[in-house]
């Protein structure tokens with residue numbers, strides 16, 4: 001049995017990778033990928049906790065499934081928006097989108 | 001009539017609604033209805049004065065209904081000796097200003113609607129007995145005044161309107177903090193001024209001092225007291241004549257009325273402790289106002305600064321903390337309203353003809369406009385405190401009152417009076433005497449203008465000869481007020 | 001009968017309102033309204049005098065004001081001093097108004113003039129009738145106002161306008177003293193009624209200060225030493241005005257006030273001492289200036305200041321009878337002199353006596369009456385001036401010290417000197433006028449004759465032949481002294497030597513080696529005007545300009561700066577929104593971090 | 001089973017309505033018909049709400065809680081969406097071919113909000129918030145051919161994804177610590193175990209970040225101005241009212257509901273955040289010359305006042321929610337009048353001399369701006385007064401002083417707009433027409449603002465019952 005600590009550590013690591021990706025990416029698509037990594041990090045956490053705590057009910061695992069579904073929906077919407085912006089501005093670099101300021 | 005005070009307050013508002021319905025083209029009809037509503041208010045206030053029982057110093061015609069129960073705000077109105085004279089002054093000046101508004105030719109309908117809302121705000125402030133209700137009416141005066149100065153004013157009107165609005169707003173919001181703090185510190189939590197008067201006396205002087213500071217700041221800006229007065233000249237110079245009549249005649253009194261109605265009964269310990277600084281501020285107001293007025297070239301700015309020095313007398317009266325001082329300050333408020341209102345109307349007469357307010361442009365008006373010269377001399381003498389006219393009685397009582405408390409302050413005040421005399425006499429010399437200037441050939445005052453000024457002249461003479469006609473209303477209330485100290 | 005006294009003041013007041021309201025329509029008629037009311041007032045005064053002789057007394061009218069718990073009631077005081085002054089003021093007033101019908105005939109603002117004159121008569125009579133200090137103060141200011149309006153009557157002339165303002169402001173400085181005196185007495189709980197002014201409650205030092213301050217008011221009105229500069233300038237007004245206000249009535253108000261509060265002043269010797277000193281200085285200084293001035297009206301103005309100084313000196317040294325008697329006689333002959341001078345100016349169109357000459361032959365009536373007045377002023381035997389000045393001599397000799405008597409002698413000498421100089425230069429010698437001169441109309445010379453009769457005969461009231469009628473009437477505090485022959489001889493010698501001196505200098509033009517620096521000082525009126533200009537007027541103007549600049553620059557700018565600072569903050573905060581998404585995300589993550597650090601710090605008590 | 005269905009019947013009705021509108025939209029119905037259908041489904045949902053009496057129950061084994069607070073907030077969201085729909089019908093869209101989709105998203109968003117506010121379980125809360133966010137991203141970027149709207153949508157997505165990610169991670173940590181996601185159990189366990197474990201603090205902060213993003217509290221408010229500026233007017237109005245209120249409702253549900261947290265240092269921190277939100281919101285709006293961004297920053301400022309209410313205990317909660325109810329009407333009215341007066345040009349110069357061009361419209365706009373600023377006879381003053389009263393009663397004097405100071409600054413830019421409308425000469429004097437629905441919306445909001453200002457008693461009674 002792998003102790004709980006490792007899972008939590010892995011999940012935190014994944015979360016931080018995703019967070020770092022979000023904060024530094026220039027490219028909108030890479031941004032979406034980082035978001036996915038963050039959400040999956042959280043999933044690992046959920047499943048690990050459920051396994052080690054109340055094996056009686058599967059709240060954690062059900063929640064993880066929901067998160068995967070919702071993450072997919074979010075990515076779809078994200079891509080739609082990126083494409084819409086690309087169609088108008090011919091670029092996916094985040095720095096170009098600064099028409100709305102001050 | 002059971003709800004006479006509510007009718008007085010909300011009649012102008014009804015007038016505003018009626019005016020809103022009338023189409024903007026029918027200017028004559030708009031002017032007539034506005035004047036009619038103001039006359040009705042004056043009639044109600046006149047009835048109030050007749051029905052008012054002099055002997056009883058307490059609140060009369062009181063109305064008290066719960067408004068927002070959970071928060072403890074009550075819709076309570078009442079009039080007593082202190083507020084009666086000021087309500088009459090508001091109604092009278094409102095009516096006369098309305099008549100004098102025939103100079104306003106652009107956006108007439110908007111002007112009179114905003115003017116009626118202003119009347120409601122002012123009347124409400126003098127009649128409210130609940131602190132929050134007082135604050136509400138105090139704030140409703142701000143927006144109409146902002147529009148009146150901002151839209152119908154002179155060249156730099158927007159700057160003046162901004163400055164006026166934000167100066168008063170900052171002060172009144174700090175007063176709001178004071179109101180809420182008083183509510184929680186008084187033992188039986190209440191906003192009513194009467195119940196608070198009994199319960200706050202027991203508070204420690206330090207707490208009373210802090211609360212007094214919050215209230216005093218709002219009133220000091222409105223009075224105006226020395227460091228906070230710079231909004232007054234700009235507001236007066238830029239406001240159209242009828243608006244500056246109301247501004248000088250009534251709005252300045254809301255500050256001093258607040259002192260007498262809220263600060264004295266609620267924070268007696270703090271007031272007695274801070275009476276001397278108040279007196280010194282009064283003297284500074286008096287002397288500084290007169291000096292700066294002397295150096296002005298714009299006639300309206302000069303009268304504005306002279307109002308600052310007249311308000312110094314009111315402060316002296318309040319600082320006296322005895323019945324003579326209070327009587328003097330209240331009477332001075334009433335007189336100053338009448339006299340300065342008339343002065344601004346007269347300046348309006350000249351401005352309408354010469355379209356300039358520089359004193360240098362006038363000269364030798366006496367030979368060109370004799371009737372105008374008589375009225376201007378009469379009012380200038382009244383405001384420099386010539387005995388036999390109303391200005392003197394108020395100043396004399398204030399000085400006599402403050403002499404008992406702080407002789408040195410009174411002596412400085414009396415000496416300051418000389419500066420005031422010099423100011424007005426030199427004004428008369430520059431404007432009326434000397435040989436008439438080149439282009440000076442204007443028609444004398446018309447019948448309408450004389451009819452507007454006449455009631456003010458008659459009142460000044462009447463109060464000057466027989467001051468008891470006004471003092472009798474306020475004597476007993478002030479005796480009760482003094483017993484609280 | 002006495003109960004009608006208050007109508008004396010009300011009648012002219014009604015005349016004022018009539019003339020103001022219907023001035024232009026009345027035209028010539030307005031003169032008859034004001035003259036008629038003053039004649040009625042004079043008759044009423046006579047009736048009141050008879051009523052008083054038959055034992056009439058003061059009476060109250062209405063309550064007016066309550067100050068510090070003290071009710072102040074308005075009332076009319078009837079006693080010997082008031083009755084005497086009422087008679088003087090109404091008679092002189094009526095005569096002067098008749099005179100001014102002729103004098104002001106061509107003026108465009110004819111009715112306005114008579115309106116102001118009626119207002120003046122109303123306030124002056126009101127002042128005399130008031131039975132408490134506050135009511136007196138009210139009429140006191142009214143009189144000051146009328147003097148300002150009348151001096152500045154021809155306001156087209158800038159000098160007249162400035163003189164009017166100067167008159168009102170200087171008297172107002174004195175009145176502030178009177179007001180402070182009233183305030184002190186009120187704060188000590190006194191009722192201000194003249195009846196109980198003698199027994200004033202309060203600490204000695206404070207009441208003495210009140211007395212001095214009240215005398216300051218009197219000094220302002222009677223143009224005594226520090227506050228005298230306005231009277232010579234007030235000569236800009238019409239001569240009838242100078243005669244009525246600046247010779248006979250208003251300037252006498254100060255002396256009347258001291259006489260009225262005599263019991264109060266007696267109780268404080270310090271105040272009396274001050275009255276005497278101020279009187280002495282004014283007398284000496286004014287007389288010396290009069291000797292060297294050449295403008296006929298200014299000579300009479302300075303002579304008025306010096307004669308009032310003498311009255312103050314008499315009152316200050318306990319000579320109540322002397323002071324009041326001289327006050328009465330002076331009113332008549334000084335009015336006569338002024339009206340005479342008016343008639344001369346009206347004819348000769350110049351005020352400089354050196355340009356006149358030889359008028360005696362051309363203007364017989366004016367010259368004779370003028371000379372009678374001059375002799376009365378100089379204090380020659382049969383005329384009224386002699387008897388009243390004699391009373392002053394006796395009073396100062398018995399009670400005053402050496403210096404006062406010496407000053408009295410010097411002033412009498414100088415008075416005789418400058419009056420003789422004026423008469424000799426104006427009426428005798430070669431005529432230096434270009435145009436020929438003709439006598440003034442009867443309406444102007446008539447009053448001159450009546451006044452001359454009064455100046456000649458009035459003195460006899462106090463002479464032993466009427467066995468001291470005036471002294472008994474005025475219920476003199478000091479004992480009624482008979483004619484003191486050696487004192488009479490001494491005063492006559494002084495006057496005659498004064499006249500001889502003038503004769504020697506004017507006719508024989510003998511050059512006296514007088515003190516040149518004193519002569520220069522006198523010519524420049526002891527530089528008092530320039531002193532006030534430097535000490536008071538210019539600094540006041542500078543202070544005002546500085547305060548106006550300060551107000552605009554410091555306070556106003558401070559207020560505007562507050563608005564600007566908030567605007568700047570707004571601009572700074574607004575700049576944070578750069579629109580760059582990664583900047584936003586950094587702020588978001590940073591916000592989470594900051595929150596975490598803040599809470600952990602708070603939890604583990606780091607800060 | 002029927003009990004659970006009955007509990008979520010309003011949401012079901014809304015979803016069904018949305019789908020029906022979507023289908024009609026495809027078949028080319030006119031915009032006003034679709035709007036009418038939306039209104040119909042909203043009113044139907046209102047009538048179907050489970051009766052107030054048996055509110056203490058819960059559905060789906062604890063997933064959804066039916067307490068009085070949840071019930072009131074569901075009504076609140078329905079009313080807010082009705083106003084939004086009215087505005088959308090009155091507003092002149094450039095091209096209204098995809099009106100069906102617009103109303104579909106609107107109704108779905110409302111259903112999600114109603115679910116979120118009555119969720120008793122963190123999982124349910126996360127799911128409904130995530131669903132709401134997804135719909136909001138689309139709404140923000142609704143105008144496909146407009147570069148501003150698409151950029152706004154993308155920005156909102158990028159920001160929203162990060163925030164909900166953080167919140168999810170926080171929820172997992174909470175699950176790890178307490179083993180359950182049910183709020184009631186968490187509060188119970190919290191009271192025993194004490195508040196000061198570091199991981200709990202990290203979890204709390206992360207969850208707070210997610211919710212604060214929705215409620216536009218300062219460190220997380222950067223997106224507000226840009227998204228409101230880019231999004232079309234009705235969407236911006238909807239965002240400034242409904243999701244923001246949801247943010248505060250969830251904050252109350254998760255943080256301010258639990259007594260344990262309230263007695264820790266949490267209120268102090270909220271007060272600091274409130275002051276920051278107010279000040280930065282008002283200061284940013286100070287020099288704005290774009291009306292939309294000005295109203296956006298003013299809504300951040302108003303959020304600051306509401307948060308100030310939340311920070312001061314029970315009395316504060318009532319004040320905060322009274323403020324929120326009044327805020328809905330004031331802000332929706334202000335956005336609506338700004339939208340209707342000059343839909344396409346957003347710079348202040350477009351509003352010059354509006355007093356003459358559209359007298360009634362300008363009068364309504366002035367009324368809402370003055371109420372937002374807090375002028376006495378209007379409801380805005382009473383709301384701000386209650387917040388100040390709660391602050392002073394809780395001895396947070398510096399918080400009350402901050403509210404007062406911010407009111408002064410806020411008055412400046414509200415008055416600046418009014419000044420421009422009345423005191424400047426208009427460029428062109430042609431009349432500005434406002435559609436019938438627009439006037440209806442303005443009239444409703446104005447009546448509410450004046451009515452609650454003069455007679456707030458009924459509202460205060462309801463709030464007293466909710467926060468007994």
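Chains as they are written, first to last, in this note's numbering: chain V, 1 to 102; chain E, 1 to 485; chain Y, 1 to 607; chain L, 1 to 468.
Ideal Cβ positions, reconstructed from N, Cα and C, are used throughout, including at glycine.
Membership of residue 63 of chain E in any alpha helix (DSSP H) is not indicated; the residue belongs instead to the beta strand (DSSP E) covering 60-68.
About 6 Å separates the CB atoms of residue 179 of chain E and residue 132 of chain E; that is less than 8 Å, so the two are in contact. A straight-line Cα-Cα distance of about 11 Å links residue 474 of chain E and residue 324 of chain E.
The C-beta distance from residue 74 of chain Y to residue 48 of chain Y rounds to 17 Å, too long to fall under 8 Å, and the pair is not in contact. Nearest CB-CB separation between residue 183 of chain L and chain Y: not below the 8 Å threshold.
Not a single C-beta of chain E is nearer than 8 Å to the C-beta of residue 458 of chain L. Any Cβ of chain Y closer than 8 Å to the Cβ of residue 100 of chain V would place that residue at the interface, and such an atom is present. Using a Cβ distance threshold of 8 Å, residue 39 of chain Y and residue 82 of chain Y do not count as a contacting pair. Judged by DSSP in its simplified three-state form, residue 236 of chain E adopts helix.
Secondary structure note for residue 442 of chain E: it is in no alpha helix (DSSP H), with a DSSP letter that is neither H nor E. Assignment of residue 130 of chain Y by DSSP, reduced to helix, strand and coil, places it in the strand class.
Not a single C-beta of chain Y is nearer than 8 Å to the C-beta of residue 177 of chain L. Pairwise C-beta distances place the stretch 212-228 of chain E out of contact with the stretch 146-163 of chain E, as fewer than three of them are shorter than 8 Å. Only residues of its own chain outside the window of five on either side were considered, and among them 142 have a CB closer than 7 Å to the CB of residue 169 of chain E, listed in chain order. Following the DSSP letters along the chain, one finds residue 339 of chain Y inside the alpha helix (DSSP H) bounded by residues 320-348. Short of 6 Å from the beta carbon of residue 348 of chain E, and not among the five residues preceding or following it, lie these beta carbons of its own chain, in chain order: 241. Contact annotation for residue 579 of chain Y against chain V: 97, 98, 99, 100, 101 and 102 [CB-CB distance below 9 Å, chain order].
Between residue 165 of chain L and residue 211 of chain L, the C-beta spacing is not below 8 Å. Taking 7 Å as the Cβ-Cβ cut-off, the stretch 22-52 of chain V approaches chain Y at 22 and 23, given in chain order. DSSP, reduced to helix, strand and coil, places residue 66 of chain Y within a strand of the structure shown.
The alpha-carbon separation between residue 18 of chain E and residue 443 of chain E amounts to approximately 36 Å. In this structure, residue 43 of chain V places its C-beta atom within 8 Å of the C-beta atom of residue 68 of chain V. In the DSSP assignment, the residues bridged to residue 74 of chain E are E:66.
For residue 331 of chain L, the enclosing alpha helix (DSSP H) covers residues 313-341. Sixteen is the threshold: since fewer than 16 other Cβ atoms of the shown chains lie within 10 Å of the Cβ of residue 269 of chain Y, the residue is exposed.
Only buried fits residue 280 of chain L, as 16 or more other CB atoms lie within 10 angstroms of its CB. Within chain E, 173, 174, 176 and 177 have C-beta atoms less than 7 Å from the C-beta of residue 404 of chain L, given in sequence order. Counting along the chain, the unbroken alpha helix (DSSP H) around residue 19 of chain Y starts and ends at 5-21.
Residue 138 of chain L reaches chain V at 77, 80 and 81, counting residues in chain order whose Cβ is nearer than 9 Å.
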